[in-house]
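Protein chains in written order, with numbering that gives the first Met the number 0: chain A, 0 to 205; chain B, 0 to 222.
By construction, the Cβ of each residue, glycine as well, lies at the ideal position given by its N, Cα and C atoms.
Please read all numbers here as calculations on a predicted model, not as lab measurements.
These notes are about the structure you will find just below.
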Amino acid sequence: MTLQAHQLSCIQGDRILFEELDFSVKAGELLLIEGQNGCGKTTLLKTLATIRQIDAGKILWNNQSITKLSDDYRDQLTWLGHLNGIKLDLTAAENLKISCTLNGLSVSDLAVMEALEEMGLYGYEDLPVRVLSQGQKRRTALAYLLLSQTLIWILDEPFVALDVKAVKLLQKVITKHVEQGGIVILTTHQEVGLDTGRIQRLRLTR
Amino acid sequence: MFKTYILILQRDLTLALRHKTEVLTTIFFFIIVISLFPLGVGIDKELLQKIAPGVAWIAALLASMLALERLFSSDYEDGTLEQMLLSPQPLFVIVLAKVSAHWLLTGLPLVLISPLVGLQYHLDFDRVIMMMLALLIGTPILSLLGAIGAALTLGLRGGGVLISLLLLPLYIPVLIYGAGVVVDSALFNNNTETYLSLLMGFLILSLVLSPWATAAALRIASE
Chain A
0 MTLQAHQLSC IQGDRILFEE LDFSVKAGEL LLIEGQNGCG KTTLLKTLAT
50 IRQIDAGKIL WNNQSITKLS DDYRDQLTWL GHLNGIKLDL TAAENLKISC
100 TLNGLSVSDL AVMEALEEMG LYGYEDLPVR VLSQGQKRRT ALAYLLLSQT
150 LIWILDEPFV ALDVKAVKLL QKVITKHVEQ GGIVILTTHQ EVGLDTGRIQ
200 RLRLTR
Chain B
0 MFKTYILILQ RDLTLALRHK TEVLTTIFFF IIVISLFPLG VGIDKELLQK
50 IAPGVAWIAA LLASMLALER LFSSDYEDGT LEQMLLSPQP LFVIVLAKVS
100 AHWLLTGLPL VLISPLVGLQ YHLDFDRVIM MMLALLIGTP ILSLLGAIGA
150 ALTLGLRGGG VLISLLLLPL YIPVLIYGAG VVVDSALFNN NTETYLSLLM
200 GFLILSLVLS PWATAAALRI ASE
C-alpha cells in the first residue's frame, strides 16, 4: 500500500510551481506538505486527488498509475479542500448523509447523529448550515472523516477556522487513522501534534 | 447506481424547494413573454393562432435557459461538485440526475401551464393537447443539451452569455420540429406523427449522448 510520486512536475500557465518531485507514502504514514503561500501545495494535493491532471511525471498507487486506476483509486480516497463541499441550504445531518451515500456508504441516522455529536454539533444538526459559524461549517465537513472508510485522506488546510478544542479532536482523528494503517496527506501552517505513526515532511520551495 | 440517481435528484429538488424564487422566475418569465405578444401584435385572431406555436416555443426555450447557468455553478462554488467528481459513482448518473431535476423544475411546469397559451391565442383543444405533447417531448431535450453548455462554461466569467451563444444553434432543430407539430396539426390535420417521431429521436439521441459529454466537460472545468 504505497502512494508514490515519480518526477512529478506542475506547470501553471508559463510558471513552474514545482519540478521533478519524488516521494512515497506508505500505509500508516502521514505526509505533511509545507511551504510558503503560492508554492503549489494545493495544486499538488489536487493532482494527488485526481481533480487536476498530471502535467509531467507519474503518480503510482501500489505501482499502478492512478490515471489508469481511475475509479478504483478514487474508491480509496477522501478529499477535503478549501471549500467545505457542503450545501448551505441543507442541514448538517442531510449534508453528511449525502456525502456518505455518494461515497457508497450506507449509514444509519444514528451513526450520522453520533458523528455530528462527536464533532460538537449536538443541537445544530437540524439547522441549515447557512446559519452556522465558519468553524461549525468546517466541523460539518470534517464529520465525514469519522464515517469515511477510505484508506487515503487528502486534506487541504483542515485546521483552518477551527477552535482549540476542535483542532485537538481533529488531531486525534488523524492520529487514529494513521495508527490504523491509513494514509494522510495534508497541508497546514500549524504544528500537527501527532504522537504516533511516521510523519514525513515535504517542503516545496520556489 | 439507481440509489445515486435518486439521492442527487432528491437533493436538488430539496434545494430548489428551499429556494423557490429560482423556480418561480422561470415560470413567470414564460407567462410574461407569452402574455406580451398579444398586447404587442394586437387581437387579430388568425394572426395570433398562427404565431402561437412559435411564441410558446421561443418562450419555453428562453425560460429553460434562464436557470441553466445555476445548474452546476452553485455546486462548483461550494465544492460539492468536487466531491461528486471524486465519488466512486459514475459521473454520468449524477449528471443525469441533475438534468432530471432541472427538467422537473423548469420544463415540466411549462408543459403544465402551456394551456394558458391556448387561452390567450384562441387555440382549440386539439392543438393545445398537441402543444403540450410537443413540449413534453421537447423540453427534456432543452435541459439535456443545456447541461453540456452549462458544463462547458463553468467557472468562466460572463458564462451566461456564452451559454446562449453556444446553445441557441443547437436548440434550432427542437424549435422547428416542436413548433411544427402544432402548426401542422392545423394545416393538414393529423400529419403530426413525423414531427413527433423526429422530436422523439432527438430526445433519445440527447439522452444517450448528453450525459457523457457533460461529464467530460465537468472534468475539464473542475481543473
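Report all residues from its chain with a CB closer than 8 Å to the CB of A/His5; omit the five preceding and five following residues, and keep chain order. Asp21, Gly56, Lys57, Ile58 and Leu59
DSSP state of A/Ser23 mapped onto helix, strand, coil: strand
With respect to the beta strand (DSSP E) encompassing B/Asp125, which residues constitute its N-terminal and C-terminal limits? No beta strand (DSSP E) holds B/Asp125; the alpha helix (DSSP H) holding it covers Phe124 to Leu151.
What first and last residue would you give for the beta strand (DSSP E) that runs through A/Glu28? Glu28 to Glu33
Counting only Cβ-Cβ distances shorter than 8 Å, please list the residues of the region 61-81 of chain A near chain B, keeping chain order. Asp70, Arg73, Asp74, Leu76, Trp78, Gly80 and His81
Tell me whether the region 91-102 of chain B and the region 134-150 of chain B touch, counting them as touching only if at least three CB pairs, one residue from each stretch, are closer than 8 Å. yes
What whole-angstrom Cβ distance do B/Val116 and B/Ala51 have, given they're in contact under 8 Å? 6 Å
What residues from the region 60-81 of chain B come within 7 Å of chain A, judged by C-beta to C-beta, listed N to C? Asp77, Gly78, Thr79 and Glu81
The alpha helix (DSSP H) with B/Ser72 in it runs from where to where? Arg69 to Asp77
Beta-carbon proximity list for B/Ser205, same chain, < 7 Å, skipping 5 on both sides: Ile140, Leu143 and Leu144
Given a cut-off of 9 Å on the beta-carbon distance, is the pair A/Gly103 and B/Pro87 in contact? yes
Starting from the beta carbon of B/Thr24, find every residue of chain A whose beta carbon is closer than 8 Å, and list them in chain order. Near B/Thr24 there are no residues of chain A at all, since even the closest Cβ is about 17 Å away, more than 8 Å.
According to the neighbour-count rule (16 or more other Cβ atoms, all chains shown, within 10 Å of its Cβ), is A/Lys67 buried or exposed? exposed
To the nearest angstrom, how far is the alpha carbon of B/Ile93 from that of B/Val173? 25 Å
What does DSSP give as the partner residue(s) for A/Phe17 in the beta ladder? A/Cys9
Nearest-angstrom beta carbon gap, B/Asp77 and A/Lys86 [assumed within contact, 8 Å]: 7 Å
Within-9 Å CB hit, B/Ser86 to chain A: yes
First and last residue of the uninterrupted beta strand (DSSP E) at A/Asp155: Ile151 to Asp155
Go ahead and pull the three-state DSSP assignment for A/Ala55. strand
Using a Cβ cut-off of 9 Å, pull out every chain A residue sitting near B/Lys49, in sequence order please. Those do not exist, as B/Lys49 stays about 44 Å from chain A at its closest Cβ, beyond 9 Å.
Would you give the residue range spanned by the alpha helix (DSSP H) that B/Trp102 belongs to? That residue, B/Trp102, is in no alpha helix (DSSP H); it is neither H nor E in DSSP.
DSSP-derived helix/strand/coil call for B/Ser205: helix
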